[in-house]
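First residue of the sequence shown: 1318, per this note's numbering; consecutive thereafter. From the three backbone atoms N, C-alpha and C, an ideal C-beta is built for every residue, glycine too. Below: the structure, in structure tokens.
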Amino acid sequence: MQRAVLSLLTAFLACATLIWGSAAVVVEAAAPASLRVQVVGGDGLPVRDAVVEVHAAKAVAGPVRFPWKMGMGQKNQQFVPGTLIVAKGSTVAFPNLDTVRHSIYSFSKPARFTIELYGRDQTRTHSFPIVGSVKLGCNIHDQMRGYIRVTDTPFAGKTDHNGYVTLTGVPAGAAKVTVWHPQLRGMENESTSALNVTGAAQTHKLKVALR
Ligand SMILES: [Cu+2]
């Protein structure tokens, strides 16, 4: 009796291993390729807070969504985060987390607007229906600078302090990669180049000229 149970168990384990093993293989094959991009300046040093956008040859269906908050706070007389990527059409919240009042203005082409002074723990919102970059300022505090990058691709991210950003799920094939940074030399502070996405994990180094 005991032996019968044991052999049954062995058979079950062997079967489970087989199923588990093949499932693991399938998952691996279906996993989206990750594309790692490093942005460096002319001196070879990493550029942080650069926005990298990849437009694949094949359009991606469905709305663009990002995992981070569509919010730009004001804290310690700074816009936080200093650079925010949002999907085209997003509404961004601007909570004032300071004890002093702030205003917000932008003269940038994709979104010209003014939000009058508002105080502590108050929030204002603004929508961004046009793709491009928006430079924010405050009428009271001249040193306050914030940037909103409005994009229409889900493959977008901001570089870390080592200049790296990882974009997942980019379809293989010919693609266009755009880097934006407020100090980048060139039209609209952008630099665009062609890129072949292999479908496997790959790292792509992009050199840009900064002011
Ligand atoms: Cu201010």
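Count the other C-beta atoms from every protein chain shown that fall within 10 angstroms of the C-beta of residue i, then say buried if there are 16 or more, exposed otherwise.
i	result
A1346	In this prediction, A1346 has a pLDDT of 35, which is less than 50 and means its spatial position is unreliable; nothing more can be read from the coordinates.
Q1391	buried
R1466	buried
W1385	exposed
N1506	buried
Which residue marks the beginning of the beta strand (DSSP E) containing residue i, and which one marks its end?
i	result
H1419	1419-1423
T1515	Looking at the DSSP string, T1515 is not in any beta strand (DSSP E), and its letter there is neither H nor E.
H1443	1440-1445
P1412	1407-1412
R1353	1351-1357
W1497	1490-1497
On the premise that residue j lies in contact with residue i, defined as a C-beta separation below 8 Å, what is that separation, rounded to the nearest angstrom?
i	j	result
I1457	R1418	7 Å
M1476	T1495	This sequence places Thr at residue 1476; Met is not what is there. About 13 Å separates the two Cβ atoms, so there is no contact after all.
A1489	T1515	6 Å
P1398	T1440	In fact, because the Cβ distance is near 16 Å, the residues do not count as touching under 8 Å.
Less than 8 Å between the C-beta atoms of residue i and residue j, yes or no?
i	j	result
Y1464	P1499	yes
T1483	E1370	no
I1402	L1453	no
V1381	A1367	no
L1527	G1359	yes
For ligand 2, is there any heavy atom lying closer than 7 Å to the beta carbon of residue i?
i	result
Q1355	Ligands displayed in this structure: ligand 1; ligand 2 is not among them.
At a cut-off of 7 Å, would you count residue i as near ligand 1, judging by its Cβ distance to the nearest heavy atom?
i	result
Q1394	yes
H1458	yes
H1419	yes
M1461	yes
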